[in-house]
Amino acid sequence: MIRVGLTGGIGSGKSTVASFFRELGAPVYDSDRRAKDLMNGDTDLREAITTLLGTKAYKDGSLNRQWIAGRVFSDPELLSSLNALVHPAVREDFNLWSAAQKAPYVLQEAAILMENRGNKHLDRTILVTAPESVRIARVVERDDVQAADVRERMENQWKDSDKIPLADFVIENTNLENTRRQVEDIHRELLQLSGAGDESFC
């Protein structure tokens, strides 16, 4: 089995790309969603987060995401400390999940995969890109936030120019029809690399 990282900056459309891979039958691990589950459900991780951020990190027993975002995205050092707690837990969870899959390849969708050197633990990496202006417009519409807020979050991620040399595949996600074709091409190549030939997951 080939383990493939799928990453891209905020607003790049990596979740859309992930959905195209799912349509082709590829198992996709959503790191962001699982991180939230672990931050809520893993007792040791909850205690570590509370120690780092204080009791306001949880509200009514659940992760206080909006409050945490307000703290960490304006404080790179605090964000780094939080990531140092969460990412090892996610990596262990992904390892258990991928070991249980029966497929030629699996995907780990993660926003800051390269920033945290998560790509070093995978066999291949796919980077999703889009022009910065397009990414900002997408997030403003999706999250109902100001462009300045999106730029602040972008500052905590590497630029595409830093990530492209580290990627095995790059998908430019500006036209959905073209994006889908790129996904299908990569899908076929991953099947070949895995030794599955042109077989599907079915």
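Residue numbering for the sequence shown follows full-length UniProt numbering, beginning at 1 and increasing consecutively. We treat Cβ as the ideally placed atom computed from N, Cα and C, and that holds for glycine. Bear in mind the structure is a predicted one, so any value in this text is a computation, not a measurement.
The straight-line gap separating the alpha-carbon atoms of G11 and V139 is approximately 6 Å. Within its own chain, the residues whose Cβ lies closer than 6 Å to the Cβ of F94, once the five positions on either side in sequence are excluded, are Y29, Q108, listed in chain order. Remark: C-beta atoms of F73 and L79 approach each other more closely than 8 Å.
In the DSSP annotation of this structure, the continuous segment of the alpha helix (DSSP H) that includes Q66 starts and ends at 65-72.
Measuring C-alpha to C-alpha distances from D32 to each of F21, K14, T51 identifies K14 as the nearest. Assignment of S161 by DSSP, reduced to helix, strand and coil, places it in the helix class. Judged by beta-carbon spacing, A89 lies beyond the 8 Å limit of L166, meaning their Cβ atoms are not closer than that value.
K59 is bridged by DSSP to S62. The three-state reading of DSSP puts G5 in strand, counting E and B together.
Taking C-beta atoms as the reference points, E172 and T125 fail to come closer than 8 Å. P131 counts as exposed, since fewer than 16 other C-beta atoms from the protein chains shown sit within 10 angstroms of its C-beta. Taking the Cβ atoms as the reference, T7 lies roughly 20 Å from L85, outside the contact range of under 8 Å. When C-alpha distances from A147 are compared across R180, R135, R188, P76, the shortest belongs to R135. In this chain, R117 is not harboured by any alpha helix (DSSP H), its DSSP state being neither H nor E. The secondary-structure analysis by DSSP pairs F169 across a beta bridge with I126.
For V86, there is no enclosing beta strand (DSSP E); the enclosing alpha helix (DSSP H) has its first and last residue at 76-99. By the C-beta density criterion, L53 is buried, having at least 16 other C-beta atoms within 10 angstroms.
Within the same chain, and ignoring the five residues on either side of Y105 in sequence, the residues whose Cβ sits closer than 6 Å to its Cβ are I2, V4, L190, S194. W158 and N116 have their C-alpha atoms some 10 Å from each other.
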